[in-house]
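Visitor: The following block contains the structure, expressed as structure tokens.
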Amino acid sequence: MLSSRALRARLLAGALLPAVLLLSSCQSGDAAPGAEQSQQATPSAGGSPSEGSPSETPSESEVPAENLYVALGDSFVSAPLVPTTDMSTGCLRSSNNFPNQVIDELGDYDLVDVSCSGATSTSMIGVQITGDTQQLPQFDSLTPEVDLVTLGIGGNDFNLFSSLMFTCLQAAQQDPTGAPCKEANQAGNGDELLESARKIQDRVEAITLGIKDRAPNARVIVVNYPQFVPSKGTCPARLPLAAGDYPYVLSINKALSDAVTTGGEAAGADVIDAYTASLGHDICSAEPWVNGIETQANAALALHPFLAEQTAVADLILEIL
Numbered sequence: 004m005l006s007s008r009a010l011r012a013r014l015l016a017g018a019l020l021p022a023v024l025l026l027s028s029c030q031s032g033d034a035a036p037g038a039e040q041s042q043q044a045t046p047s048a049g050g051s052p053s054e055g056s057p058s059e060t061p062s063e064s065e066v067p068a069e070n071l072y073v074a075l076g077d078s079f080v081s082a083p084l085v086p087t088t089d090m091s092t093g094c095l096r097s098s099n100n101f102p103n104q105v106i107d108e109l110g111d112y113d114l115v116d117v118s119c120s121g122a123t124s125t126s127m128i129g130v131q132i133t134g135d136t137q138q139l140p141q142f143d144s145l146t147p148e149v150d151l152v153t154l155g156i157g158g159n160d161f162n163l164f165s166s167l168m169f170t171c172l173q174a175a176q177q178d179p180t181g182a183p184c185k186e187a188n189q190a191g192n193g194d195e196l197l198e199s200a201r202k203i204q205d206r207v208e209a210i211t212l213g214i215k216d217r218a219p220n221a222r223v224i225v226v227n228y229p230q231f232v233p234s235k236g237t238c239p240a241r242l243p244l245a246a247g248d249y250p251y252v253l254s255i256n257k258a259l260s261d262a263v264t265t266g267g268e269a270a271g272a273d274v275i276d277a278y279t280a281s282l283g284h285d286i287c288s289a290e291p292w293v294n295g296i297e298t299q300a301n302a303a304l305a306l307h308p309f310l311a312e313q314t315a316v317a318d319l320i321l322e323i324l
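Using this note's numbering, the first residue of the sequence shown is number 4, and each one after it goes up by one.
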């Protein structure tokens, strides 16, 4: 187990802090999409996209492709530091994330990838700030001409990821053999993190219905989150949780993925089960699909997906198209 001094050193050196900032940056609060923080309609309401171009334009070609694919979501869609990553906008989109891999195989599709690291549910209908750049609402990219939409969202809502991967890691320094994060979140009535994970179901359902309103001719595919915590064992060098918190953090990981699945299915979308596909590829495994706390340049940001995870998701999408 890392000492408190060692963990602080990693934070200051940027091994963990960039991931936490991306996961929690530009949060719009805990209000549901369309609440008082945005004057726009809720995601489930109809209406035309606002004017302006999305932060990514369709792939350049002299003759537009017959089909249009829009990718919505957070950093588990944008895949920061998977080669090659566009650093210019702050969204950290990889040219080898799963949306790009899908169109490479499909051929006659143009891609509008507006996924963005740090995105929350409210980023669908509200501006997201990434450094000095304003990202337009992701829903602005949706029109009746869109043929395919993928969505991966929810982990940044209620500061869920940052609570799991920062607060729980800090707590481990005080009680490395116990379950301090679990105890802290169950100190009152119920479990704060578990309840937050479950609330994401309603948000994903509302967003999916909003996609269907704005892109009524599109096939909508929702992608849940992979398993990043092992079912058994620990690996403090990669994931320095308290020993007793591994099962607890895994339960939140599973609850989040289940909430995304249930929300997507409730709105009539197809769901890609990245969680089940990733079993055996957690952070502690011999072939992890999600990086540990050490950022790996040209591979993956700390606590974010590797290329292998993005390829697996792309393959699952291609199987149902």
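Don't be surprised by glycine CBs; every beta carbon is placed ideally from N, CA and C.
No experiment lies behind these values; they were computed from the predicted model shown.
Would you tell me roughly how many angstroms separate the C-alpha atoms of glutamine 313 and asparagine 100, rounded to the nearest one?
Guide: Each residue's Cα considered, the two are about 6 Å apart.
Visitor: Suppose the cutoff is 8 Å on Cβ atoms and the five residues either side in sequence are ignored; what does the same chain contact list for alanine 262 look like?
Guide: Contacts found: Gly157, Ala200, Arg201, Lys202, Ile203, Gln204, Val207.
Visitor: For asparagine 294, I'd like the list of residues in its chain whose CB is within less than 8 Å of its CB, leaving aside the five on either flank, ordered along the chain.
Guide: The residues are Ile286, Ala302, Ala303, Leu304, Ala305, Leu306, His307, Pro308, Phe309.
Visitor: Mind checking whether valine 226 and threonine 153 have CB atoms under 8 Å apart?
Guide: Their beta carbons are under 8 Å apart, which means valine 226 touches threonine 153 by this criterion.
Visitor: Mark proline 147 as exposed unless 16 or more other C-beta atoms lie within 10 angstroms of its C-beta, in which case mark it buried.
Guide: Exposed is the call here.
Visitor: Would you check if the region 170–186 and the region 134–151 touch, i.e. whether three or more CB-CB distances between them fall below 8 Å?
Guide: No, because fewer than three Cβ pairs between the region 134–151 and the region 170–186 fall closer than 8 Å, the two stretches do not touch.
Visitor: Which two residues bound the contiguous alpha helix (DSSP H) that contains arginine 332?
Guide: This structure cannot settle anything about residue 332, because the visible part of the chain is limited to 4 through 324.
Visitor: Once DSSP output is grouped into helix, strand and coil, what is the label at isoleucine 132?
Guide: The answer is strand: DSSP assigns isoleucine 132 an E or B state.
Visitor: Report the option in Leu163, Ala74, Thr211 whose CA atom is closest to the CA atom of alanine 270.
Guide: Checked all of Leu163, Ala74, Thr211; the closest Cα to alanine 270 is Thr211.
Visitor: Report the option in Pro183, Leu259, Ala289 whose CA atom is closest to the CA atom of leucine 163.
Guide: For leucine 163, the nearest C-alpha among the options comes from Leu259.
Visitor: Under 6 Å Cβ to Cβ from glycine 247, same chain only, skipping five residues before and after it: list those, please.
Guide: Taken in chain order, the residues that qualify are Gly181, Ala182.
Visitor: Taking only three categories from DSSP, how would you classify alanine 311?
Guide: Looking at alanine 311 - three-state DSSP - the assignment turns out to be helix.
Visitor: For the region 217–305, list the beta strand (DSSP E) runs that are entirely contained and at least 3 residues long, ordered along the chain.
Guide: Runs found: 222–226, 273–275.
Visitor: Between which two residues does the alpha helix (DSSP H) harbouring aspartate 160 extend?
Guide: Unbroken run through aspartate 160: none, as it is neither H nor E.
Visitor: Using only alpha-carbon positions, find the residue among Ser234, Ser165, Gln104 that is nearest to valine 316.
Guide: Selected option, being the one with the closest Cα: Gln104.
Visitor: In the DSSP assignment, the beta strand (DSSP E) including leucine 2 goes from what residue to what residue?
Guide: Any question about residue 2 goes unanswered here, given that the chain covers just 4 to 324.
Visitor: Going straight from the alpha carbon of alanine 82 to that of glutamate 186, what length do you get?
Guide: Taking the straight line from one Cα to the other gives about 32 Å.
Visitor: Excluding the five sequence neighbours on either side, which residues of its own chain have a C-beta within less than 6 Å of the C-beta of valine 130, listed in chain order?
Guide: Same-chain partners within the cutoff: Gln137.
Visitor: Rank Ile224, Gly283, Asp77, Ile296 by C-alpha distance to the C-alpha of glycine 267 and give the top, closest one.
Guide: Considering only alpha carbons, the answer is Ile224.
Visitor: Hey, quick one: how far does the alpha helix (DSSP H) through asparagine 70 stretch, first residue to last?
Guide: Segment 70–76 is the beta strand (DSSP E) holding asparagine 70; no alpha helix (DSSP H) there.
Visitor: Tell whether a beta-carbon distance below 8 Å holds between glycine 213 and phenylalanine 142.
Guide: Against a cut-off of 8 Å, the Cβ pair of phenylalanine 142 and glycine 213 comes out as a contact.
Visitor: The alpha helix (DSSP H) with leucine 109 in it runs from where to where?
Guide: Start and end: 101–109.
Visitor: Taking only three categories from DSSP, how would you classify serine 118?
Guide: In the structure shown, serine 118 sits in coil (DSSP, three-state: anything other than H, G, I, E or B).
Visitor: Measuring straight from C-alpha to C-alpha, what distance separates serine 254 and leucine 75?
Guide: Spanning the two alpha carbons is a distance of roughly 26 Å.
Visitor: Relative to the C-alpha of leucine 242, which candidate in Asn188, Ile323, Ser120, Leu167 has its C-alpha closest?
Guide: Per the Cα distances, Leu167.
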